[in-house]
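Novice:
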Amino acid sequence: MTTPAAIPVPPAPFIPRESVGILLRIGSTLAFAAMVVCVKALGSEVALGQVVFFRSALALIPLIGFLWWSGDLWRGLSTTRPLGHIVRCLAGATAMFTSFATLRLLPLAEANMLSYLSPVILALMGWAFLHEGLGPRRIAAVLLGLAGGAALVVPAFSGTLPEGAGLGLVTGLTTALLTAIALLQVRRLTQAGEKAGAIALWFAVVSALCGLATAFFGWVWPTPGQWALLIGAGLAGGVAHILMTLSFRHAEAAALAPFEYLSVLWSVLLGLALFAEVPGWNFVIACPLIIASAVVASAAIRRWPRRRPAPSRPGA
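Residue numbers (this note's numbering): 71 to 386.
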């Protein structure tokens, strides 16, 4: 007679909880803010490529641990679209260089705000390269984004920008463009069936190699404080990505989207508290315009039609 203890019991079904997803998304924005603060606090004393290397290489520690824990490590290493990953990784790695350069040249809040132009650019790229219709949502997003971007760059034309801030605006806008290119490629990779783990893992690897390639161009031996900031940037970046990934397992993107913009609040508060950066009038005007454009553009992007997966072969 079979005892009850010997009867196999199926595991309890996974039940998504929206509140957990929201808390994880908020935690992701805080971890990302911590990473940005570490990068900005390093200043220009540590070479840019050195910062990129440690940010990417150390992020592999929590990322690989998470993939191993979730059973996706080997699937994260495998890919059937190596060329697609190369394009995505090179665009993303270059964006990391320009993003960190922007943090050195602009206040924290303004540098973060420029990154929100990438959904607007991505919506335009969807129209130009994926043959998506340029409907009212995308037109509204582009107009709002242009208005917000113009508000940010007005001081450049009035001659009231501090030294280096003009270059910071250029690197910030370049970051938004490169990020949009990387996101467009991520879209193509996911449509082709590539796993999120593979996309994240190979991006970290390639970014670390790109940073390492600059080792002969001014790397320094960090002080104890700089070591702490480099390690903090890498681990916080990896944790931010994991928390964001987990949040989407518990809640839909539409429920999480509003909390993404908490990073604007964190950048203002941390810039004021840690770096004595008071946002200017141009930021106050640009902030609602750019956030509105990002919200509208993101809504338009989520309406893109998904490709049906290719039918599996018998026995595959």
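C-beta atoms are modelled at their ideal positions from N, C-alpha and C, and glycine is treated no differently.
Run through the stretch 117-144 for me and flag every whole alpha helix (DSSP H) of 4 or more residues, listed as ranges in chain order.
Specialist: 118-139
Novice: Excluding sequence positions up to five away, which residues of its chain have a Cβ less than 7 Å from the Cβ of LEU213?
Specialist: Taking the sequence shown and counting its residues from 1, one reaches residue 213 at position 143. Excluding sequence neighbours, LEU213 sits near nothing in its chain.
Novice: Please state if the CB of LEU184 and the CB of ALA252 are separated by a distance shorter than 7 Å.
Specialist: Residue 252 sits at position 182 when you count from the first residue of the sequence shown. Residue 184 sits at position 114 when you count from the first residue of the sequence shown. Not a contact, by the Cβ cut-off of 7 Å.
Novice: Decide if TRP336 is buried, meaning its Cβ has at least 16 other Cβ atoms within 10 Å, or exposed.
Specialist: Position 266 of the sequence shown, counted from the start, is the residue given in the question as residue 336. By the 10 Å Cβ count, TRP336 comes out buried.
Novice: Cα separation between ALA82 and ALA327?
Specialist: Translated into positions along the sequence shown, residue 82 becomes position 12. Translated into positions along the sequence shown, residue 327 becomes position 257. With a pLDDT of only 43 at ALA82, under the threshold of 50, the placement of this residue in the model should not be trusted, and no figure is reported.
Novice: With a threshold of 8 Å on Cβ separation, who are the neighbours of ILE301 within its own chain once the five nearest residues in sequence on each side are excluded?
Specialist: Working through the sequence shown from its first residue, we reach residue 301 at position 231. Answer for ILE301: PHE124 and LEU128, listed in chain order.
Novice: Can you tell me the Cβ-Cβ gap for HIS320 and VAL90, rounded? I've got them flagged as a contact below 8 Å.
Specialist: Reading the sequence shown from its first residue, position 250 is the one you call residue 320. Reading the sequence shown from its first residue, position 20 is the one you call residue 90. Between VAL90 and HIS320 the Cβ distance is about 5 Å, and since that is below 8 Å, they are a contact.
Novice: Roughly how many angstroms lie between the CA atoms of GLY119 and TRP297, to the nearest whole one?
Specialist: Counted from its first residue, the sequence shown places residue 119 at position 49. Counted from its first residue, the sequence shown places residue 297 at position 227. If you take the alpha carbons of GLY119 and TRP297, they lie about 15 Å apart.
Novice: Using the Cα positions of ARG87 and PRO292, report the straight-line distance between them to the nearest angstrom.
Specialist: Position 17 of the sequence shown, counted from the start, is the residue given in the question as residue 87. Position 222 of the sequence shown, counted from the start, is the residue given in the question as residue 292. Cα to Cα, ARG87 sits roughly 43 Å from PRO292.
Novice: Relative to the C-alpha of VAL106, which candidate in LEU340, ALA364 and PHE199 has its C-alpha closest?
Specialist: The sequence position of residue 106 within the sequence shown is 36, counting from 1. Closest by alpha carbon: LEU340.
Novice: Considering Cα atoms alone, identify which of LEU239, LEU305, ALA210 and ILE209 is closest to LEU222.
Specialist: Mapped onto the sequence shown, residue 222 falls at position 152. The shortest Cα separation from LEU222 among LEU239, LEU305, ALA210 and ILE209 belongs to LEU239.
Novice: What does a CB cutoff of less than 7 Å around PRO132 pick up in its chain, not counting 5 residues either side in sequence?
Specialist: On the sequence shown, position 62 is the one that residue 132 refers to. For PRO132, where only same-chain residues beyond five positions count, the Cβ hits under 7 Å are LEU305, GLY308, VAL309 and ILE312.
Novice: Quick check: the Cα distance between SER317 and ALA343, rounded to an integer number of angstroms?
Specialist: By one-based count along the sequence shown, residue 317 stands at place 247. By one-based count along the sequence shown, residue 343 stands at place 273. For SER317 and ALA343, the gap between their C-alpha atoms comes out near 28 Å.
Novice: Does the Cβ of ILE360 have 16 or more other Cβ atoms within 10 Å, making it buried, or fewer, making it exposed?
Specialist: Residue mapping note: residue 360 aligns to position 290 of the sequence shown, counting from 1. That one is buried.
Novice: Could you work out which residue in LEU130, ALA117 and LEU254 is closest to ALA285 when comparing CA atoms only?
Specialist: As a working note, residue 285 is residue 215 in the sequence shown. The candidate whose alpha carbon is nearest that of ALA285 is ALA117.
Novice: Please state whether DSSP places THR150 in a helix, a strand or coil.
Specialist: Against the sequence shown, residue 150 aligns to sequence position 80. Here THR150 sits in coil by DSSP.
Novice: In whole angstroms, what separates the C-alpha of GLY236 from that of THR172?
Specialist: Within the sequence shown, the letter at position 166 stands for residue 236. Within the sequence shown, the letter at position 102 stands for residue 172. Spanning the two alpha carbons is a distance of roughly 10 Å.
Novice: Quick one: complete alpha helix (DSSP H) runs, 4+ long, within the stretch 171-195?
Specialist: 178-185
Novice: Between LEU192 and ALA250, how many whole angstroms is the CB-CB distance? I'm expecting something under 8 Å.
Specialist: Working through the sequence shown from its first residue, we reach residue 192 at position 122. Working through the sequence shown from its first residue, we reach residue 250 at position 180. About 4 Å; that satisfies the 8 Å criterion.
Novice: Check whether the Cβ atoms of LEU154 and LEU254 lie closer than 7 Å to each other.
Specialist: Position 84 of the sequence shown, counted from the start, is the residue given in the question as residue 154. Position 184 of the sequence shown, counted from the start, is the residue given in the question as residue 254. Residue identity check: residue 154 is Gly in the sequence provided, not Leu. Result no, Cβ atoms of GLY154 and LEU254 do not sit closer than 7 Å.
Novice: Relative to the alpha-carbon of VAL121, which residue among LEU93, MET166 and GLY242 has its alpha-carbon at the smallest distance?
Specialist: For this step, residue 121 is matched to residue 51 along the sequence shown. Closest option to VAL121, Cα to Cα, is MET166.
Novice: Give the secondary structure of HIS311 by DSSP, where H, G and I count as helix, E and B as strand, and everything else as coil.
Specialist: If you number the sequence shown from 1, residue 311 lands on position 241. HIS311: helix per DSSP, three-state reduction.
Novice: Using a Cβ-Cβ distance cut-off of 7 Å, determine whether MET166 contacts chain B.
Specialist: Judged by its chain identifiers, the structure shown contains no chain B, having just a single protein chain.
Novice: If you draw a straight line from the C-alpha of GLY267 to the C-alpha of THR150, how long is it?
Specialist: Start at 1 with the first residue of the sequence shown, and residue 267 comes out as number 197. Start at 1 with the first residue of the sequence shown, and residue 150 comes out as number 80. C-alpha separation (whole angstroms): 13 Å.
Novice: Check THR249 in the structure and name its three-state DSSP category.
Specialist: Here residue 249 is taken as the residue at index 179 of the sequence shown, counted from 1. DSSP places THR249 in helix when its eight states are reduced to three.
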